[in-house]
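Heads up: the sequence shown begins at 127 in the numbering used here, then just goes up one per residue.
Think of the CB as a built atom: it goes at the ideal place given N, C-alpha and C, for glycine as much as any other residue.
Below is one structure; the comments refer to it alone.
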Amino acid sequence: MDLGLLIKALCLVLVIEGIPLFLAPNRAREAALQVARMPGRTLRILGLVLMILGAGLLLLMRS
């Protein structure tokens, strides 16, 4: 894999993650507090689902 492509992808993640913090900081804080209150098991399942969804979308776009 091209290291430059990986760095560009990580930069894009930072931009996307920063958008809600810039546009609606109070709502982003509320959302973070809700996530902090979630049980660990729920967070693990959510993380797994998001990773599978992301990998699946990458595979679909690659084809």
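For residue i, the three-state DSSP class (helix, strand or coil)
i, result
"P165", "coil"
"A158", "helix"
"A150", "coil"
Nearest-angstrom Cα separation, counted from residue j out to residue i
i, j, result
"P151", "I142", "14 Å"
"L131", "I145", "21 Å"
"T168", "M177", "14 Å"
"M218", "G173", "With the chain running from 127 to 189 in the structure shown, residue 218 is simply not present."
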